[in-house]
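First the structure, in the form of structure tokens, and then the observations on it.
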Amino acid sequence: AEALFKGTSRLPRVELFAKPETALGQDTASAIKAGIIYGFAGLTDGIISRLLTEFAQKPKVVATGGLAPIIAPHCSLIETVLPNLVLEGLLLIYKRYVNSGE
968 AEALFKGTSR LPRVELFAKP ETALGQDTAS AIKAGIIYGF AGLTDGIISR
1018 LLTEFAQKPK VVATGGLAPI IAPHCSLIET VLPNLVLEGL LLIYKRYVNS
1068 GE
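For the sequence shown, position 63 (counting from the first letter as 1) is numbered 1030 according to the working numbering, and the numbering increases by one without interruption.
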């Protein structure tokens, strides 16, 4: 979204931290937003479905990252959303390091 805004002279800046009202979009900004959110949801489902064919047992599919709560509801294969997983992991590592006395 930011690249579209910075790389063109007239496209509006679009905030992605809320779901689009419709897939079609009623103006340029809402159409860009819908295209990005629903497009990434489709890409996400596509890559997950291909990856699932490579596992003997179906793994649990977890979405992480700041936009996970926005994109995951539009994906059919994501089971859990943990937007702060990396930060929580870093906190656990830090606590273990501090408690180890090193």
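Idealized CB from N, CA, C, for every residue including glycine.
For the alpha helix (DSSP H) that contains valine 981, what are its first and last residues?
Segment: none, valine 981 is in no alpha helix (DSSP H) and carries neither H nor E.
Length of the line joining the Cα atoms of alanine 1023 and isoleucine 1045:
For alanine 1023 and isoleucine 1045, the distance between alpha carbons rounds to 18 Å.
Who are the Cβ neighbours of lysine 1000 in its own chain at under 6 Å, not counting the five residues just before and after it?
The residues Val981, Pro987, in chain order, have a CB closer than 6 Å to that of lysine 1000 in the same chain once the five nearest residues on each side in sequence are set aside.
Among Asp1012, Leu1019, Phe1007, Val1029, nearest to valine 1053 - alpha-carbon criterion:
When each option's Cα is compared against that of valine 1053, the closest is Val1029.
Taking only three categories from DSSP, how would you classify valine 1048?
Judged by DSSP in its simplified three-state form, valine 1048 adopts strand.
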